[in-house]
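Following: one structure in structure tokens, then a few remarks.
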Amino acid sequence: MGQFDRITQRPDVMGGKACIRGMRVTVGMIVGQIGAGHSIDEILSDYPYLEREDIMQALRYAAWRSEEREVELTGA
């Protein structure tokens with residue numbers, strides 16, 4: 003996860019959800035805002051402590067996670 007240096011996951015912050023730089027801003031919240039039609043500039047205005055790269059990395063992280071696939075291993 004080296005390419006996602008702004009994404010943090012800690013059990014004591016937002017229940018372990020993927021967050022931006024340890025803040026209480028989740029990747030899901032950012033993706034939801036984009037999905038609802040808000041622009042990056044609008045999000046940056048609403049959350050002035052975020053940086054453009056935070057949002058871009060959240061979107062890249064969400065895309066990466068959506069491509070992840072879990073394979074269940076069964077014993078023979």
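Here this note's numbering is used: the first residue of the sequence shown is 3, the next is one more, and so on. The beta carbon of each residue, even a glycine, is placed where N, CA and C say it ideally should be. Since we're looking at a predicted model, the values are computed, not measured.
Taking the alpha helix (DSSP H) that residue i falls in, what are its first and last residues?
i, result
"Gly30", "Val29 to Gly37"
"Glu68", "For the sequence presented, residue 68 should be read as Ser rather than Glu. That run of the alpha helix (DSSP H) goes Arg54 to Glu69."
"Glu44", "Ile42 to Asp48"
Is the beta carbon of residue i less than 8 Å from the beta carbon of residue j?
i, j, result
"Glu55", "Arg26", "no"
"Gly34", "Lys19", "no"
"Leu61", "Ile45", "no"
Less than 8 Å between the CB atoms is what I'm expecting for residue i and residue j, so what's the real figure, rounded?
i, j, result
"Cys21", "Gln5", "Their Cβ separation, rounded to whole angstroms, is 17 Å, which puts Cys21 and Gln5 out of contact at 8 Å."
Going by C-alpha to C-alpha distance, which of the options sits closest to residue i?
i, options, result
"Ile42", "Ile57, Glu70 and Thr28", "Ile57"
"Ser47", "Gln59, Leu61 and Ile32", "Ile32"
Using a Cβ-Cβ distance under 8 Å, would residue i count as near chain C?
i, result
"Val27", "Of the protein chains in this structure there is only one, and it is not chain C."
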